[in-house]
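Numbering (my numbering), first residue to last: 155 to 330.
Following this line, the structure appears as structure tokens:
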């Protein structure tokens with residue numbers, strides 16, 4: 155499997171090198187001196203590894219974006235990732251089974267899928283991921299979001315409490 159990551163960041167196409175430098179600088183600024191970032195095989199997408207909790211990183215960088223918006227020149231979105239697996243329906247199912255333990259049966263949920271460089275069917279992925287979760291589906295206003303980010307042969311998966319767990323730099327800067 156490729157190098158493990160716990161952050162995915164998006165940027166404009168062909169600005170990945172600048173995005174890598176920016177993410178490493180920002181992670182250093184919030185206290186992670188050992189963080190790394192690198193380009194993926196997908197234009198406009200980079201990976202990161204932080205020694206900090208990736209959800210805390212998103213919160214700290216959200217605060218920084220409000221405080222010092224000029225520090226964010228290239229990065230568009232920052233997504234926390236909890237699990238890396240080989241891209242396969244079985245691996246995705248196993249992680250979703252694990253995540254289902256953190257979703258109360260009374261809580262609603264949604265699967266959000268972003269896939270790049272894979273021939274797997276979206277419908278099949280979503281059905282496989284949802285199968286072990288015994289909670290009602292709510293596509294518009296879920297209490298939990300199972301986020302599946304497929305990038306070729308590697309998949310990142312997280313359980314989000316809301317869309318605010320993802321940093322959208324433009325929204326934060328324009329709507330402080």
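Think of the CB as a built atom: it goes at the ideal place given N, C-alpha and C, for glycine as much as any other residue.
Since this is a predicted model, take the numbers as computed values, not measurements.
Taking C-beta to C-beta, are residue i and residue j nearer than 8 angstroms?
{"i": "residue 158", "j": "residue 178", "result": "no"}
{"i": "residue 234", "j": "residue 264", "result": "no"}
{"i": "residue 254", "j": "residue 267", "result": "no"}
{"i": "residue 212", "j": "residue 327", "result": "no"}
{"i": "residue 287", "j": "residue 257", "result": "yes"}
{"i": "residue 205", "j": "residue 182", "result": "no"}
Identify, in the order they occur along the chain, each residue of the same chain with its Cβ nearer than 8 angstroms to the Cβ of residue i, setting aside the five sequence neighbours on each side.
{"i": "residue 270", "result": "196, 199, 304, 305 and 306"}
{"i": "residue 172", "result": "165, 227 and 228"}
{"i": "residue 219", "result": "225, 226, 321, 323, 326 and 327"}
{"i": "residue 203", "result": "157, 158, 159, 160, 161, 189, 190 and 191"}
Assuming residue i contacts residue j (C-beta within less than 8 angstroms), just tell me the rounded distance between them.
{"i": "residue 315", "j": "residue 298", "result": "7 angstroms"}
{"i": "residue 241", "j": "residue 282", "result": "Between residue 282 and residue 241 the Cβ distance is about 12 angstroms, and since that is not below 8 angstroms, they are no contact."}
Taking only the alpha-carbon atoms, compute the straight-line gap between residue i and residue j and give it to the nearest angstrom.
{"i": "residue 162", "j": "residue 292", "result": "25 angstroms"}
{"i": "residue 247", "j": "residue 310", "result": "13 angstroms"}
{"i": "residue 188", "j": "residue 222", "result": "22 angstroms"}
{"i": "residue 239", "j": "residue 302", "result": "11 angstroms"}
{"i": "residue 184", "j": "residue 214", "result": "7 angstroms"}
{"i": "residue 290", "j": "residue 284", "result": "10 angstroms"}
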